[in-house]
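S.K.: Residue numbers (the numbering used here): 173 to 1049. Don't be surprised by glycine CBs; every beta carbon is placed ideally from N, CA and C. Let me begin by handing over the structure; questions about it come next.
Shown next as structure tokens:
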């Protein structure tokens, strides 16, 4: 769905007027079947008495715009007479165009001008491939509400030349004002020192050789080569001006993910000329993996005080097409927030600014806390000399994380139960601590995200400042929460701590969650187990009965080391581990690496695996944490057969996965099933409070530890004879952090994924806590029926994956509590809440205004589900 620009729209027109005017150009069939969608925006032309509009069509473009859409030069426009005006419709977005709506309060604090690269499109270059949405327009509406977002439809060198020209002609007051107002530049993969364009040159020579734009395109490519004197001179002039005279803050975003070379994939045999003319030649980025723009070619080399060198986890073609607010985006937004508006006041005297620095919202602090805690957990990023200071800092930040979660929990309860909580007073009381902590967090975050640290003294000083800020913040917030807690009812807290008071609960929560969060900086290290020590059953059916004590003896004859090299990969395999002269029963999880994984990326994946393993080991030792994880035995790496994989190895004694339990044991009572769902939800909530996402919640990754004496179908599981546990983590599970992006090909696993994570391949949506909540809701449906989705006859009636998932979601409606074995209605409603189909929970009605408030709180979702499940469990006989 392409976006057109409409210019010269009369000021008195609203969207309905414009729609009616354009529909006059539709044919009869299009007036019925095509829907035009508009967004009116102010015109950027001086003294214009008209406005502009952004225009899309659903489900297709009407025929009167065929010439505009098919013109590869982008020069074609369509003119339509309207009430004495001639409106223009184009796709090129040449010149400057405002793409954001007017700020809600009408005040503009900052202009953000997005300039496409050479031969790019001023709108499409910034649009997500997955959604088609232009992220600067969509994301900044909430994150930078007083920013005016504009695009400029020419190459980057036009802007560089213009900046230099403004300096040369700065005696002109207007040029001087523009120059003085320029306070920041963000370069996305800018080829300052040359770009590898060999594949693009071949493409241009083949496709555009006979077209009018062919020579111009070749000239553009020539300018991207290394060591072009004219380009180098312009760059040096620019660096001298920006770095030495203006001292402008620069963010240089560079890619870390390799791309694919552009190659020709098909052509009509023996007819090259016709192939070119008819467009039957197909070019796709399916060639060898390569990095067209190394880091050293895309940074300016300024001191860190002037240039932030920011890595992107996307390749060169996608780094300007954010699908979601990933870490790179968050850091850019924080840098833009720092841009001073004083330049506007000084440069343009008619502008004024009376805005005070806002108090950082809790959700903003939580985001920074997560990023810094994650960086500190990765001990290989922290110099050894600072380990003790880092550990103390990590403990205090983990306590901050718990306190913020409890504050949000209290706010949720106050909203829902209509109780008085003076959270505004809390915010005002801790505003100084919040500002100090926010500033220190952002600085530390930048340090931890950089490729290397500055001097140790600088890092130590920054860590000490952050430590003092967090101590002050925690002291004030803890005191205020204790005061507020005495004013409201907290049945969940009192029941969890045997009514021993909020202070005891706080200590318990902090102790448990700090243990999880501080996993990396402890002294526990996972054992690296040689892959050759693992023996897998040669026959898949030999894995049956693995939970029994006699399993090893019965199937040991099938364990053969040579056959393991040709092992058919599954996400999970039960195996035997040779430890000296004995065998141990283990469960092995495979996390395959993409074929084109570079050595540096493989190293990062190994570090992610180690970080996960350390966290699990810490959790296994903790007696206070609510997170119960299958005991970890070690980690390994498989570099044989057809694929390389990282391995998590767990102890498997008396271990049964939830999907196996559905088959082996009779249906538990309603109360036992609710208890089981509650225990899994508590583990996920604990995981989120410690800054992690699970990423792969499904019955194959949820486990039960059961006594070996239990039978199978004759035994009904109940609260006293099963211990719920979790495993199967995606390697990078941290909330709002990058996923390891390994595709899940197993259909029964995929059905549990949030729709945003269903995309196949490497570039799937990154994880956040909503995705885990969705997967938990899907598992709760299966727990309620005590059956996998695949056991329903209608499950396989549709080949479409989304249709199967929709069928599974609707199964929750069967829970009506109309029989002794049927799950109650409240259980169904909790599932609906987890799946994002409802904003409220049983006994907790939420109106529209409250819903907006709750949506601003980042992670109470699973916590609130735990509350509801607790009430339901306690109400059952």
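Let me check you understand the geometry: is the CB of residue 203 closer than 6 angstroms to at least one non-hydrogen atom of the ligand SAM?
M.R.: Because no ligand of any kind appears in the structure shown, any question about the ligand SAM cannot be addressed here.
S.K.: Quick one, are the C-beta atoms of residue 237 and residue 250 less than 7 angstroms apart?
M.R.: Along the chain shown, one-based indexing puts residue 237 at 65. Along the chain shown, one-based indexing puts residue 250 at 78. In this structure, residue 250 lies closer than 7 angstroms to residue 237 by Cβ.
S.K.: Does the beta-carbon of residue 700 have 16 or more other beta-carbons within 10 angstroms, so that it is buried, or is it exposed?
M.R.: Taking the first residue of the chain shown as 1, we reach residue 700 at position 528. Result: exposed.
S.K.: Using the C-alpha atoms, what's the distance from residue 990 back to residue 976?
M.R.: For the purposes of this step, residue 976 is taken as residue 804 along the chain shown, with counting starting at 1. For the purposes of this step, residue 990 is taken as residue 818 along the chain shown, with counting starting at 1. In a straight line, the C-alpha of residue 976 is about 26 angstroms away from that of residue 990.
S.K.: Output yes if chain D places a C-beta closer than 7 angstroms to the C-beta of residue 1005; else output no.
M.R.: In the structure shown, chain D does not exist; there is a single protein chain.
S.K.: With distance defined between alpha-carbon atoms, name the residue in 1046, 465, 866 nearest to residue 491.
M.R.: Taking the first residue of the chain shown as 1, we reach residue 491 at position 319. Looking at the Cα atoms, 465 is the closest of the given residues.
S.K.: Do residue 1006 and residue 1037 have their C-beta atoms closer together than 7 angstroms?
M.R.: The residue given as residue 1006 occupies position 834 in the chain shown. The residue given as residue 1037 occupies position 865 in the chain shown. Yes; because the gap between Cβ atoms is below 7 angstroms, this pair is in contact.
S.K.: Within 10 Å of its beta-carbon, does residue 429 have 16 or more other beta-carbons around it, so buried, or fewer, so exposed?
M.R.: Taking the chain shown and counting its residues from 1, one reaches residue 429 at position 257. It counts as buried.
S.K.: Just reading off the beta strand (DSSP E) that residue 754 is part of, what are its end residues?
M.R.: Within the chain shown, the letter at position 582 stands for residue 754. 754 to 764 is the extent of the beta strand (DSSP E) around residue 754.
S.K.: Just to confirm before moving on: does the CB-CB distance between residue 888 and residue 840 stay below 7 angstroms?
M.R.: For the purposes of this step, residue 888 is taken as the residue at position 716 of the chain shown. For the purposes of this step, residue 840 is taken as the residue at position 668 of the chain shown. Yes.
S.K.: Can you have a look at residue 205 and say buried or exposed, based on whether 16 or more other CB atoms are within 10 angstroms of its CB?
M.R.: For this step, residue 205 is matched to residue 33 along the chain shown. Exposed is the call here.
S.K.: Could you tell me which residues DSSP puts in a beta bridge with residue 211?
M.R.: Locating residue 211 in the chain shown gives position 39, where the first residue counts as 1. 226.
S.K.: First and last residue of the alpha helix (DSSP H) that includes residue 919?
M.R.: The sequence position of residue 919 within the chain shown is 747, counting from 1. Where residue 919 is concerned, the enclosing alpha helix (DSSP H) stretches over 919 to 922.
S.K.: Please state whether DSSP places residue 707 in a helix, a strand or coil.
M.R.: On the chain shown, residue 707 is found 535 positions in, with the first residue counted as 1. Note: residue 707 maps to strand in three-state DSSP.
S.K.: Between which two residues does the alpha helix (DSSP H) harbouring residue 241 extend?
M.R.: For the purposes of this step, residue 241 is taken as the residue at position 69 of the chain shown. Taken as a continuous stretch (DSSP letters only), the alpha helix (DSSP H) holding residue 241 covers 238 to 242.
S.K.: Where do the N-terminal and C-terminal ends of the alpha helix (DSSP H) with residue 953 fall, by residue?
M.R.: Translated into the one-based positions of the chain shown, residue 953 becomes position 781. Residues 941 to 957.
S.K.: I need the DSSP call for residue 888, collapsed to helix, strand or coil.
M.R.: If you number the chain shown from 1, residue 888 lands on position 716. Reduced to three states, the DSSP call for residue 888 is strand.
S.K.: Please state if the CB of residue 817 and the CB of residue 801 are separated by a distance shorter than 7 angstroms.
M.R.: Your numbering for residue 801 matches position 629 in the chain shown. Your numbering for residue 817 matches position 645 in the chain shown. No, these two residues do not count as a Cβ contact at 7 angstroms.
S.K.: Is residue 645 helix, strand or coil when you go by DSSP?
M.R.: The residue given as residue 645 occupies position 473 in the chain shown. Residue 645 falls in the helix class under three-state DSSP.
S.K.: Just curious, the beta strand (DSSP E) that residue 455 is in, first and last residue?
M.R.: Looking up residue 455 in the chain shown gives position 283. Run containing residue 455: 454 to 462, per the beta strand (DSSP E) assignment.
S.K.: Count the other CB atoms, across all protein chains shown, that sit within 10 Å of the CB of residue 184; report buried if there are 16 or more and exposed otherwise.
M.R.: As a first step, residue 184 is located in the chain shown; it is residue number 12 there, counting from the start. Residue 184 is exposed by the Cβ-count criterion.
S.K.: Assuming residue 323 and residue 271 form a contact by the criterion Cβ under 8 angstroms, report the distance between their Cβ atoms to the nearest whole angstrom.
M.R.: Position 151 of the chain shown, counted from the start, is the residue given in the question as residue 323. Position 99 of the chain shown, counted from the start, is the residue given in the question as residue 271. About 6 angstroms; that satisfies the 8 angstroms criterion.
S.K.: Nearest to residue 955 by alpha carbon, out of 780, 486, 871, 287?
M.R.: Position 783 of the chain shown, counted from the start, is the residue given in the question as residue 955. The candidate whose alpha carbon is nearest that of residue 955 is 871.
S.K.: Can you give, in chain order, each stretch of the beta strand (DSSP E) that sits fully within the stretch 268 to 310 and has at least 3 residues?
M.R.: 268 to 270, 282 to 287, all fully within the stretch 268 to 310.
S.K.: Could you check which residue in 775, 419, 708 has the C-alpha nearest to that of residue 745?
M.R.: Taking the chain shown and counting its residues from 1, the one referred to as residue 745 is at position 573. Taking only the C-alpha atoms, the option nearest residue 745 is 708.
S.K.: Mind checking residue 529: buried by the 16 CB within 10 Å criterion, or exposed?
M.R.: For the purposes of this step, residue 529 is taken as the residue at position 357 of the chain shown. Reliability fails at residue 529, whose pLDDT of 43 lies under 50, so the model's placement of it is uncertain and the value that follows must be treated cautiously. Its Cβ having fewer than 16 others within 10 Å, residue 529 is exposed.
S.K.: Pop quiz: residue 759 and residue 822 are said to be a contact at Cβ under 8 angstroms. What is the actual Cβ separation, rounded to whole angstroms?
M.R.: Taking the first residue of the chain shown as position 1, residue 759 is located at position 587. Taking the first residue of the chain shown as position 1, residue 822 is located at position 650. Indeed they touch by this definition, with Cβ atoms about 5 angstroms apart.
S.K.: My assumption, with CB atoms under 8 angstroms, is that residue 259 sits in contact with residue 181. Please give the rounded CB distance.
M.R.: As a working note, residue 259 is residue 87 in the chain shown. As a working note, residue 181 is residue 9 in the chain shown. Yes, residue 259 and residue 181 are in contact; Cβ-Cβ is about 6 angstroms, under 8 angstroms.
S.K.: Which residue's Cα is closest to the Cα of residue 426: 566, 479, 756, 750?
M.R.: Translated into the one-based positions of the chain shown, residue 426 becomes position 254. Of 566, 479, 756, 750, the residue nearest in Cα terms is 479.
S.K.: In the DSSP output, which residue or residues are listed as bridge partners for residue 323?
M.R.: Position 151 of the chain shown, counted from the first residue, corresponds to residue 323. DSSP, once it has assigned bridges, lists 269, 286 as partnering residue 323.
S.K.: What residue range does the beta strand (DSSP E) around residue 360 cover?
M.R.: As a first step, residue 360 is located in the chain shown; it is residue number 188 there, counting from the start. From DSSP, the beta strand (DSSP E) with residue 360 extends over 356 to 360.
S.K.: Going by alpha carbons, who is nearest to residue 353 out of 857, 381, 414?
M.R.: Counting from one through the chain shown, the residue named residue 353 turns up at place 181. It is 414.
S.K.: Determine the closest residue to residue 852 out of 824, 945, 929, with distance taken between C-alpha atoms.
M.R.: Counting from one through the chain shown, the residue named residue 852 turns up at place 680. Looking at the Cα atoms, 945 is the closest of the given residues.
S.K.: When you compare the CB positions of residue 616 and residue 544, do they come within less than 7 angstroms of one another, or not?
M.R.: Stepping through the chain shown from its first residue, residue 616 is reached at position 444. Stepping through the chain shown from its first residue, residue 544 is reached at position 372. Yes; because the gap between Cβ atoms is below 7 angstroms, this pair is in contact.
S.K.: Please classify residue 193: does DSSP put it in a helix, a strand, or coil?
M.R.: As a working note, residue 193 is residue 21 in the chain shown. Note: residue 193 maps to helix in three-state DSSP.
S.K.: Give the straight-line distance between the Cα atoms of residue 729 and residue 947, rounded to the nearest whole angstrom.
M.R.: Position 557 of the chain shown, counted from the first residue, corresponds to residue 729. Position 775 of the chain shown, counted from the first residue, corresponds to residue 947. Reliability of the predicted coordinates at residue 729 is poor, the pLDDT of 45 falling under 50, and the value obtained from them is presented with this limitation in mind. Those two C-alpha atoms are separated by around 39 angstroms.
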